[in-house]
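Undergrad: Going by my numbering, the sequence shown opens with residue 75, and the numbers climb by one from there.
Just so you know, even glycine gets a beta-carbon here, dropped at the ideal spot from N, CA and C.
Every value quoted in this text rests on a predicted model; they were computed, and no experiment measured them.
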Amino acid sequence: MKAKAKSWTLTLLLAPLTAVVSYQAMAADPIKVGWTSYPADLNVIADAIDGGKAKAAELGVDLQFGLGAGAIAQANGIDTLLANGVDVLVIDPEDSTAVGTSVKKANEAKVPVVMWMGDNLGGGETVSLVSSDEEKGGYMQARLGFEKLGGKGKVALIQGTKAHQAGMLRENGFRRALAENPGIELVGYGEGNWMRDRANVLASDILSRNPDVQAFFVLSDDMAAGVYSAAKAAGVSPMIFGYNGTCEVLNKVWNGDMTADLYQGWRDIGSRVVEVADEIAAGKKVEKKIIMPTFLVDKEMMEKINSGNLADATEGLRADVKRAIAGCK
């Protein structure tokens, strides 16, 4: 726990004169929070970082970054953050099992760990997890699509990576909905590593073999944008369901280019992650699992939000929907 220093003035009355002596205490160092995740070239990560930076500025937190694509790069970034003496470490894992080694290092250094989006499955102790209900999200996304198909049709699933717990849970939700709908046929599947170019290649291959695919369920928005480009190039218009809530994909939902998007509110998530880290550094107790709200957004919901007729919409959702309608300007 780090306390902020205070300044004060002590007045000494000494006859025959009054002396005023001012003492300025040395300012205490700000809380250092080490942030590690995929690099900010993914839109959702950029949004989360923006939210984290804004909250850090508000709280006076020194937010340091160790970004890395892949488990090895992330482990190296974490080593650097620990060497820099961070007070709390916040991790969105590249590999939920492999990250356990880094978590154990943090434990040895007595640095508390907050996981976000994906949990740690590789051993070691963590204080909290900040995430949405990923399995529920995957189930909601699939169930809406299967309903729109009338319970029958050919579909494809584009996974990010099952090595990340969020990807695994989203797929679990999808497959639970699939088991409930025997008329739905899964004809295409692949892991795009969360990247639009890889998802574009996967979707192009799936469409070349199954041009009659009626719906793509895509487990991140960057990948959904890649799938949309592949479908457009192939001259077909399957339903496309995204997952994240980026402005780009919400705009495509508004314009009818995609069907729906599972909105998570990544700026809000990034902000909450830094807030939780600051509370831990201050010695406060936090919940072991913090679930952030999600919304399955289609054009109808966007119209309700835009007209102010959706009472349970969060401020972040309202702002993001209005920005998407305005063309992401």
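Which residues in the same chain as N325 place their Cβ atom closer than 7 Å to its Cβ, once the five residues preceding and following it in sequence are excluded?
TA: Closer than 7 Å at the Cβ level, and outside the excluded window around N325, lie A398, G401, C402.
Undergrad: Helix, strand or coil, according to DSSP, for Q215 in the structure here?
TA: In this structure, Q215 counts as helix in the three-state DSSP scheme.
Undergrad: Could you pull out every unbroken beta strand (DSSP E) segment of at least 3 residues lying fully inside the region 293 to 367, listed in chain order?
TA: Those beta strand (DSSP E) runs which fall completely within the region 293 to 367 and span 3+ residues are 313 to 318, 334 to 337, 363 to 366.
Undergrad: Within 10 Å of its beta-carbon, does S111 have 16 or more other beta-carbons around it, so buried, or fewer, so exposed?
TA: The residue is buried, with at least 16 neighbouring Cβ atoms inside 10 Å.
Undergrad: Tell me the residue span of the beta strand (DSSP E) that contains E199.
TA: That residue, E199, is in no beta strand (DSSP E); it is neither H nor E in DSSP.
Undergrad: Please identify the residue among G319, D136, F291, V261 whose C-alpha is closest to the C-alpha of N284.
TA: Minimum Cα distance to N284 is reached at V261.
Undergrad: Let me know the secondary structure DSSP gives T235 once reduced to three states.
TA: The answer is coil: DSSP assigns T235 none of H, G, I, E or B.
Undergrad: My output table needs one value for E259: the three-state DSSP class, helix, strand or coil.
TA: Reduced to three states, the DSSP call for E259 is strand.
Undergrad: What does the alpha-carbon distance come out to for the pair L156 and D169?
TA: Distance between the alpha carbons of L156 and D169: 19 Å.
Undergrad: Between the Cα of I105 and the Cα atoms of D271, Y317, L137, which residue gives the shortest distance?
TA: When only C-alpha atoms are compared, the closest one is L137.
Undergrad: Just verifying my parser: in three-state terms, what is the DSSP assignment at G140?
TA: Reduced to three states, the DSSP call for G140 is coil.
Undergrad: Could you have a look at M189 and say whether DSSP puts it in helix, strand or coil?
TA: Of the three classes helix, strand and coil, the one that applies to M189 here is strand, per DSSP.
Undergrad: For K129, count the other beta carbons within 10 Å of its own beta carbon; 16 or more makes it buried, fewer makes it exposed. Which is it?
TA: Result: buried.
Undergrad: Between the alpha carbons of V287 and L293, how many angstroms are there, rounded?
TA: Looking at the two C-alpha atoms, the distance is approximately 17 Å.
Undergrad: Using 7 Å as the threshold, is the C-beta distance between G140 and G151 below it?
TA: For G140 and G151, yes; Cβs fall inside 7 Å.
Undergrad: Output the distance between the C-alpha atoms of E374 and W340, rounded to the nearest integer angstrom.
TA: Distance between the alpha carbons of E374 and W340 is about 22 Å.
Undergrad: Check whether the region 329 to 343 touches the region 353 to 365, counting contact only when three or more Cβ pairs, one atom from each stretch, lie closer than 8 Å.
TA: The answer is no - the region 353 to 365 does not touch the region 329 to 343, with fewer than three Cβ pairs under 8 Å.
Undergrad: Closer than 8 Å is the cut-off here; do at least three beta carbon pairs connect the region 302 to 315 with the region 188 to 195?
TA: Result no; under three Cβ-Cβ pairs closer than 8 Å.
Undergrad: Does P256 pass the burial test, meaning 16 or more other C-beta atoms within 10 Å, or should it be called exposed?
TA: With fewer than 16 Cβ atoms within 10 Å of its Cβ, P256 is classed as exposed.
Undergrad: Please work out which residues of its chain come closer than 8 Å, Cβ to Cβ, to I365, disregarding the five sequence neighbours upstream and downstream, and give them in chain order.
TA: Counting only Cβ-Cβ distances below 8 Å, and skipping sequence neighbours, we find S205, S206, D207.
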